[in-house]
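Enquirer: Pasting a structure below so you can have a look.
Residue numbers (my numbering): 310 to 760.
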């Protein structure tokens, strides 16, 4: 068997994956600089095994409908050219991962321009475009897109770049001119420099995120949200993962901004640091059913006010926080069918078990509710347990009642069908209990040992 095939087989089995390909895996990029976004590898080696394999590979559209390119050089041009021949008129997903810097030599400029030229032969069939590039490469692509903007079939654009200033502003506005665009993911610094765009009824999903993750502190001023989000009346999914500049936080909290109404947003993700309390006072989303929120402190009351003001019926809640006790008091989240709790600090599993008991354990009831989360069908608790000891009996009793295994006392209206629980240690009873649950039709239980 050829070494190249063995190499790709090894990569298929060793490259970490969480269900989605990782476009930045250094090992994959170094071995296979031209490969598929969907399939963790390249179809070319498989086509060289024998005539039968070649016929299958060349006839399998899914193997050619996406292409990922990392820092190409002239030796890669033939492979890209052949790939474009196989695409024909099928929809194509394109990913380019090339950063400006000392390693991007002048000799590579020619290769990059040639690769772009080859890709643009099928530019009217591009369905998604993912650019993790610097100014040089981004400018080339944008200039080519401008030439075919009226005939573009692009439905999703993801742009991750360090570009800022007037050029970034121009690209931001240009992307809104693509008539087919439904999803825009913008990851880059100085988002606030982008000017407001005219009303856009086509974009359904919008993500605003920092370049190196939400820990960066060089980003958004709140007025940007009021000016920007009002331009998307048909927005259904919104993801904001940015940080406000430290020197602006006081001014942000003391400044009154116009309310931001998101009439059709159904899925909302907020990771905005200490300014969550202020931003949640601006927002309302009457159609919301899925909320994912990251907090650095107890913002539960602010979130409840946002949900109450929205008048929505929440179906799925994900909370990433340093504490959860106050969240169990909120009336506005009692309708959830899926609850995901990710502890960002040490937590005590026994406390969460008591809060989730049916009914809540004596002395731990809060508020006037009869029981907690009566519609719960999916539960995830993940984090680092504060102590190695925990009450396994109480945990299993809670799960018994949630799964409907032991009908004792007050029961929830719905039964759990899936649960993932982090435990301090795998005690003797947990594996057998997990097997008992998993042997039941349509039930799934997973225990993980927290670090």
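For every residue, glycine included, the Cβ atom is placed at its ideal position computed from N, Cα and C.
Remember, it's a predicted structure, so these values are computed and weren't measured experimentally.
(1) DSSP three-state call for residue 643: helix, strand or coil?
(2) Quick one: what does DSSP say residue 674 is sitting in, helix, strand or coil?
(3) Could you tell me the boundaries of the beta strand (DSSP E) in which residue 469 lies?
(4) Comparing C-alpha positions only, which one of 393, 380, 383 sits nearest to residue 353?
(5) Can you tell me where the alpha helix (DSSP H) holding residue 447 begins and where it ends?
(6) Per DSSP, which residues does residue 496 bridge with? Please list them.
(7) Rounded to the nearest angstrom, what separates residue 378 and residue 592 at their Cα positions?
(8) My output table needs one value for residue 624: the three-state DSSP class, helix, strand or coil.
(9) Starting from residue 407 and walking both ways along the beta strand (DSSP E), at which residues does that stretch end?
(10) Okay, do the segment 750-759 and the segment 722-736 touch, 3+ Cβ pairs below 8 Å being the bar?
(11) Classify residue 712 as helix, strand or coil using the three-state DSSP reduction.
(12) Taking a contact to mean a Cβ-Cβ separation below 8 Å, would you say residue 468 touches residue 495 in this structure?
(13) Counting Cβ pairs closer than 8 Å, one from the segment 353-369 and one from the segment 428-436, do we hit at least three?
(14) Helix, strand or coil for residue 601, going by three-state DSSP, please let me know.
(15) When you compare only the Cα positions, how much space is there between residue 433 and residue 461?
(16) I need the boundaries of the alpha helix (DSSP H) containing residue 369, first residue and last residue.
(17) Counting only the same chain and skipping the five closest in sequence on each side, list residues whose C-beta sits under 6 Å from that of residue 572.
(18) Given this structure, state the Cα-to-Cα distance separating residue 744 from residue 735, to the nearest angstrom.
(19) Using the beta-carbon count (16 or more within 10 Å), is residue 711 buried or exposed?
(20) From which residue to which residue does the beta strand (DSSP E) around residue 758 run?
(21) In terms of residue numbering, what span does the beta strand (DSSP E) encompassing residue 546 cover?
(22) Can you check which of these residues, 580, 438, 570, 477, is closest to residue 493 by C-alpha distance?
(23) Quick check on this structure: which residue in 450, 740, 542 has the alpha carbon closest to the alpha carbon of residue 757?
(24) Can you tell me the Cα-Cα spacing of residue 358 and residue 389, whole angstroms?
(25) Buried or exposed for residue 698, please, with buried defined as at least 16 other CB atoms from any protein chain shown within 10 angstroms of its CB.
(26) Put residue 425 into one of helix, strand or coil per three-state DSSP.
(27) Would you check if the distance between the CB atom of residue 580 and the CB atom of residue 599 is smaller than 8 Å?
(28) Helix, strand or coil for residue 725? Go by DSSP, reduced to three states.
(29) Residue 293 and residue 483: beta carbons closer than 8 Å?
(30) Between residue 508 and the rest of its own chain, which residues show a CB-CB distance below 7 Å, the 5 nearest in sequence each way excluded?
(31) Is the Cβ-Cβ distance between residue 705 and residue 732 less than 8 Å?
(32) How big is the Cα-Cα spacing for residue 490 and residue 577?
(33) Just the Cα atoms here: how many angstroms apart are residue 374 and residue 441?
(34) In chain order, what residues of the same chain have a beta carbon less than 8 Å from the beta carbon of residue 574, not counting five sequence neighbours either side?
(35) If we count the other Cβ atoms within 10 Å of its Cβ and call it buried at 16 or more, is residue 528 buried or exposed?
Expert: This is what the structure holds:
(1) As a position in the chain shown, residue 643 is number 334, starting the count at 1. If DSSP states are grouped into helix, strand and coil, residue 643 belongs with coil.
(2) Along the chain shown, read from residue 1 onward, the residue named residue 674 stands at position 365. Low confidence applies to residue 674: its pLDDT is 47, below 50, so where it sits in the model is not reliable, and the reading given next is rough at best. In the structure shown, residue 674 sits in coil (DSSP, three-state: anything other than H, G, I, E or B).
(3) For the purposes of this step, residue 469 is taken as the residue at position 160 of the chain shown. Under the DSSP assignment, residue 469 falls in the beta strand (DSSP E) whose first and last residues are 465-469.
(4) The count along the chain shown starts at 1 and reaches residue 353 at position 44. Minimum Cα distance to residue 353 is reached at 393.
(5) By 1-based counting over the chain shown, the position of residue 447 is 138. According to the DSSP assignment, residue 447 belongs to the alpha helix (DSSP H) that extends over 444-456.
(6) For this step, residue 496 is matched to residue 187 along the chain shown. According to the DSSP secondary-structure assignment, residue 496 is paired through a beta bridge with 469, 518.
(7) Counting from 1 along the chain shown, the entry for residue 378 is found at position 69. Counting from 1 along the chain shown, the entry for residue 592 is found at position 283. Distance between residue 378 and residue 592, taken at the CA atoms: about 39 Å.
(8) Within the chain shown, residue 624 is the residue found at index 315, counting from 1. The answer is coil: DSSP assigns residue 624 none of H, G, I, E or B.
(9) Position 98 of the chain shown holds residue 407. Its beta strand (DSSP E) spans residues 401-407.
(10) The segment 750-759, when compared against the segment 722-736, does touch it at the 8 Å Cβ threshold.
(11) Sequence index remark: in the chain shown, residue 712 carries index 403 (1-based). Three-state DSSP puts residue 712 in a helix.
(12) Taking the chain shown and counting its residues from 1, the one referred to as residue 468 is at position 159. Taking the chain shown and counting its residues from 1, the one referred to as residue 495 is at position 186. Contact: yes.
(13) Verdict: no, contact absent.
(14) Working through the chain shown from its first residue, we reach residue 601 at position 292. Of the three classes helix, strand and coil, the one that applies to residue 601 here is strand, per DSSP.
(15) Your numbering for residue 433 matches position 124 in the chain shown. Your numbering for residue 461 matches position 152 in the chain shown. Taking the CA atoms as reference points, residue 433 sits about 5 Å from residue 461.
(16) One-based indexing of the chain shown puts residue 369 at position 60. Residue 369 -> no alpha helix (DSSP H), and no H or E assigned at all.
(17) Locating residue 572 in the chain shown gives position 263, counting from the first residue. Result list for residue 572: empty, nothing under 6 Å.
(18) The residue you call residue 744 lines up with position 435 of the chain shown. The residue you call residue 735 lines up with position 426 of the chain shown. In this structure, the CA atom of residue 744 is about 14 Å from the CA atom of residue 735.
(19) In the chain shown, residue 711 corresponds to position 402, counting from 1. Residue environment: residue 711 is assigned as buried (16 or more neighbouring CB atoms within 10 Å of its CB, all protein chains considered).
(20) Looking up residue 758 in the chain shown gives position 449. Where residue 758 is concerned, the enclosing beta strand (DSSP E) stretches over 753-758.
(21) Walking along the chain shown from the start, residue 546 turns up at place 237. Run containing residue 546: 546-550, per the beta strand (DSSP E) assignment.
(22) On the chain shown, residue 493 is found 184 positions in, with the first residue counted as 1. That would be 438, whose Cα lies nearest to the Cα of residue 493.
(23) In the chain shown, counting from the first residue as 1, residue 757 sits at position 448. Minimum Cα distance to residue 757 is reached at 740.
(24) As a working mapping, residue 358 is identified with position 49 in the chain shown. As a working mapping, residue 389 is identified with position 80 in the chain shown. Distance between the alpha carbons of residue 358 and residue 389: 20 Å.
(25) Counting from one through the chain shown, the residue named residue 698 turns up at place 389. Under a 10 Å Cβ-count criterion, residue 698 is classified as exposed, with fewer than 16 other Cβ atoms of the shown protein chains found around its own Cβ.
(26) Translated into the one-based positions of the chain shown, residue 425 becomes position 116. Residue state, collapsed to three classes: helix.
(27) For this step, residue 580 is matched to residue 271 along the chain shown. For this step, residue 599 is matched to residue 290 along the chain shown. No Cβ-Cβ contact shorter than 8 Å links residue 580 with residue 599.
(28) Looking up residue 725 in the chain shown gives position 416. Three-state result, residue 725: coil.
(29) This structure gives no information on residue 293, because the portion of the chain shown stretches from 310 to 760.
(30) By 1-based counting over the chain shown, the position of residue 508 is 199. Within the same chain, residue 508 has close Cβ partners 540, 542.
(31) Counted from its first residue, the chain shown places residue 705 at position 396. Counted from its first residue, the chain shown places residue 732 at position 423. At the C-beta level, residue 705 and residue 732 stay beyond 8 Å of one another.
(32) Mapped onto the chain shown, residue 490 falls at position 181. Mapped onto the chain shown, residue 577 falls at position 268. Each residue's alpha carbon lies about 20 Å from the other.
(33) In the chain shown, counting from the first residue as 1, residue 374 sits at position 65. In the chain shown, counting from the first residue as 1, residue 441 sits at position 132. Their Cα atoms are separated by approximately 19 Å.
(34) Looking up residue 574 in the chain shown gives position 265. Around residue 574: 544, 545, 546, 547, 594, 596, 597.
(35) In the chain shown, the residue the question calls residue 528 occupies position 219. Confidence at residue 528 is low in this model, with a pLDDT of 44, below 50, so its placement is unreliable and the value that follows should be read with caution. A residue is called buried when at least 16 other Cβ atoms come within 10 angstroms of its Cβ; residue 528 meets this threshold and is buried.
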